[in-house]
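*Asks:*
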Amino acid sequence: MTEIRKPKQAATVILLRRAEATGFEVFLTRRPDAMRFLGGMYCYPGGTVAKDDLTQRMIERSTGLTPKQAQTILGAHYSPVEAMGFWIAGVREVFEEVGVLLAAERSGAPWTLDANRLAHLAEKHAALMKKSLTFVELLESEQLSCDLGSLAHFSYWQTPPQVAMRFETRFFIAALPQGQTPLSTSYEVAHSLWLTPDRAMQLFSRGELPIIFPTFAALRTLADFETLESVLSEFGVGR
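Take the sequence shown: its position 25, counted from the start at 1, is 25 in our numbering, and no numbers get skipped.
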């Protein structure tokens with residue numbers, strides 16, 4: 001009998017922005033063909049929850065959500081810290097993969113960016129990728145906190161038992177912060193693009209956008225909304 005492996009906890013973030021004409025767009029990244037998991041597929045930025053995401057040091061560097069609030073949203077089968085770790089992992093993974101930082105000033109005020117700070121952030125991202133800097137050290141050095149209030153829980157998916165590489169993944173949605181632009185490529189991103197949900201589903205139906213079902217399901221849900229504001233309001237982003 002094949003042993004059923006326990007799924008790893010993971011977080012995925014669906015970044016949204018206003019479209020140039022009307023409506024809104026979703027950010028999709030194509031994973032390199034050589035990657036073991038979802039190689040060659042388009043998906044949303046994300047990855048596994050790391051031990052560092054669950055430390056007291058990281059909890060104290062987060063704002064907009066308490067561990068108890070996170071547990072209330074996800075369920076009592078998670079500890080408060082374990083539940084909050086999904087949000088923290090989502091923020092960290094989005095920064096690592098595409099260079100977008102969902103952060104707030106330590107005072108809780110919105111984080112403002114200028115050209116100098118953007119350039120400094122790019123340097124810190126490079127240091128993070130070289131592992132000469134940790135994510136919590138980056139936040140501390142910039143006097144910033146993870147803005148967990150910018151993420152709203154969207155959906156939950158678990159890899160089937162018969163699959164060797166298993167994940168229990170929490171999907172979140174977030175608006176692209178003003179003044180930030182995702183990296184077009186990175187160590188886990190071969191290509192990226194912005195598409196309206198309807199356009200993405202059209203490309204998928206023509207075999208031009210390889211995605212797995214959870215990605216499609218999120219697009220189908222989002223296609224029912226006409227504006228970015230209506231999505232954010234429905235799922236409680238920023239509450």
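No residue lacks a Cβ here, since even glycine has one placed at the ideal position from N, Cα and C.
1) Which word fits I88, buried or exposed, when buried means at least 16 other C-beta atoms lie within 10 angstroms of its C-beta?
2) Would you call the CB atoms of P7 and Q158 closer than 7 Å?
3) Starting from G276, follow the beta strand (DSSP E) in both directions and report where the run begins and ends.
4) Which residue or residues does DSSP assign as beta-bridge partners of E105?
5) Tell me, please, which residues DSSP counts as bridged to G47.
6) For T241, tell me which candidate among L209, G207, F216 and F171 has the shortest Cα-Cα distance.
7) Exposed or buried, what is Q202 when buried is set at 16 or more other beta-carbons lying within 10 Å of its beta-carbon?
8) Taking the straight line between their C-alpha atoms, what separation do you get for A285 and T112?
9) Three or more C-beta pairs closer than 8 Å, one from the stretch 17-27 and one from the stretch 174-194: is that the case here?
10) In three-state DSSP terms, what is I173?
11) How many Å lie between P182 and S132 at the Cα?
*Replies:* Let me spell this out:
1) Reading the sequence shown from its first residue, position 88 is the one you call residue 88. So I88 counts as buried.
2) Numbered from 1 along the sequence shown, position 7 holds the residue referred to as residue 7. Numbered from 1 along the sequence shown, position 158 holds the residue referred to as residue 158. Yes.
3) In this structure the chain extends from 1 to 239, so residue 276 is not present and cannot be described.
4) Walking along the sequence shown from the start, residue 105 turns up at place 105. E105 is bridged to L144.
5) Numbered from its first residue, the sequence shown carries residue 47 at position 47. According to DSSP, G47 bridges with A11.
6) Lying before the first or after the last residue shown, residue 241 is absent from the chain, which here runs from 1 to 239.
7) In the sequence shown, counting from the first residue as 1, residue 202 sits at position 202. The residue in question, Q202, is exposed, as its Cβ has fewer than 16 Cβ neighbours within 10 Å.
8) The structure shown does not extend to residue 285, since the chain spans only 1 to 239, so no value can be given for it.
9) yes
10) Residue 173 sits at position 173 when you count from the first residue of the sequence shown. Strand at I173.
11) Indexing the sequence shown from 1 puts residue 182 at position 182. Indexing the sequence shown from 1 puts residue 132 at position 132. Those two C-alpha atoms are separated by around 22 Å.
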